[in-house]
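To start, the structure under review is shown below, and the notes come after it.
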Amino acid sequence: MIAYGVVITITPLAASCGTDTDVPPRAVAPSKAAQVIRPVSVSAAEVARLPKATTFTRLRGAPKDSTHNNPGSGVVTHPTAPQIVYAQPGGRPLAILPTTQMGSETWVPVVGKAPGWVRVLLPSRPNKSTGWIYSDGGGLQNAYSPYRVEIRLSAHRLTLFKANHRLRSWTVAVGASATPTPTGRTFLLAALSPPKPTYTPLILPLGLHSTALDNFDGGPSTISLHGWPDASVFGRHISHGCVRVPAAALRVLSRIPLGSPVLITA
């Protein structure tokens with residue numbers, strides 16, 4: 323997990339998502355013939371009281387992602403302005419999705435659609451939280467990422483795919499039995515580069531949290547992908563929940579666009 327006791331600067335990703343023109347036609351706008359449910363009116367005072375959907379917050383009443391093995395369409399979205407997140411189309415507001423997360427642009431996977439709305443994965447507790455954003459209101463930039471990361475905990479194996487083609491695979495270290503790596507569908511949330519690296523030159527937080535630890539080193543126990551200087555840990559259940567990867571894997575993963583799906587299975 324992230325060592326929040328040190329000052330961390332941000333390293334931009336070396337790769338970016340595609341533009342709207344790269345998104346498969348089936349993943350763009352719903353049929354105009356379908357009836358669009360308008361969002362409920364939310365006053366400025368109500369907006370000010372809503373929590374921000376970040377890795378530091380816990381949301382109440384967020385619908386839970388029930389999908390485990392489906393990475394989704396590859397469509398990701400970035401709020402160019404803060405967006406209200408709702409429990410369902412036309413439902414009550416849950417939170418505000420900010421434009422940045424840990425100094426990186428916010429990119430979240432689109433995992434569902436309804437006329438005028440998109441359902442997205444959120445980085446907040448509880449794990450697998452989702453919410454709906456009114457896409458017809460503007461303020462969203464859509465893109466398409468062909469990448470996905472799959473992690474099999476029992477095999478200590480991280481595999482990178484592009485457009486369903488296996489690119490690379492590495493043996494990694496995962497959470498110990500007392501602090502297991504949680505399973506489910508999540509995504510690359512941010513990219514952090516410690517100014518004085520100790521165990522890794524780069525940390526890639528996910529939209530997922532430890533189920534055993536409420537906090538870690540002053541932070542919210544965000545699960546991350548990061549390097550490790552001792553290669554003897556790879557192939558073992560040994561971490562506090564994060565996935566420790568070889569240096570070669572970290573270099574490749576640093577070029578994966580934010581918002582790209584990560585599937586973690588037992």
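When we follow our numbering, the leftmost residue of the sequence shown carries the number 323, and every step to the right adds one.
Ideal Cβ placement from N, Cα and C applies to all residues, glycine included.
- Looking from the CA of F483, the closest CA among G459, V364, L524 and G396 belongs to G396.
- Looking at the DSSP output, P527 shares a beta bridge with S546.
- Here G459 carries a helix assignment [DSSP, helix/strand/coil].
- Under the DSSP assignment, L575 falls in the alpha helix (DSSP H) whose first and last residues are A569 to L575.
- For R474, the uninterrupted beta strand (DSSP E) segment begins and ends at Y469 to R474.
- The beta carbons of A498 and S561 sit about 6 Å from each other, so the pair counts as a contact at 8 Å.
- In this model, Q410 and G453 are separated by some 7 Å (Cα to Cα).
- In its chain, beyond the 5 residues on either side, P411 and G412 have a beta carbon closer than 6 Å to the beta carbon of I359.
- Partner residues in the beta bridge of N464, as assigned by DSSP, are T399.
- When Cβ pairs closer than 8 Å are counted between the two stretches, the stretch 414 to 427 is seen to touch the stretch 370 to 379, the count reaching three or more.
- Membership of R371 in the alpha helix (DSSP H) is indicated by the continuous run A366 to R371.
- Ranking T522, A588, T508 and G541 by CA distance to the CA of L580 puts T508 first.
- In this structure, the alpha-carbon of P404 lies about 26 Å from that of G540.
- Nearest Cα to V584 within the set V432, G506 and F556: G506.
- In this structure, the CA atom of P431 is about 10 Å from the CA atom of G529.
- Going by DSSP, K484 is part of the beta strand (DSSP E) stretching over R479 to K484.
- A571 is classed as buried because its beta carbon has at least 16 other beta carbons within 10 Å across all chains shown.
- Its chain contains K484, I578 and S582 as the residues whose beta carbon lies nearer than 6 Å to that of Y469, once the 5 sequence neighbours on both sides are disregarded; these appear in chain order.
- Only buried fits L443, as 16 or more other CB atoms lie within 10 angstroms of its CB.
- The beta carbon of T501 lies closer than 8 Å to those of S532, A534, L535, S561, H562 and G563 in the same chain, with the five residues before and after it left out.
- Annotation for W492: the continuous beta strand (DSSP E) segment containing it runs H487 to T493.
- Contact between P361 and Y408 holds: CB atoms are separated by about 6 Å, below the 8 Å threshold.
- Annotation: the stretch 380 to 450 contains the following complete segments of the beta strand (DSSP E) (minimum length 3 residues), in chain order: 397 to 401, 405 to 408, 415 to 419, 430 to 436 and 439 to 443.
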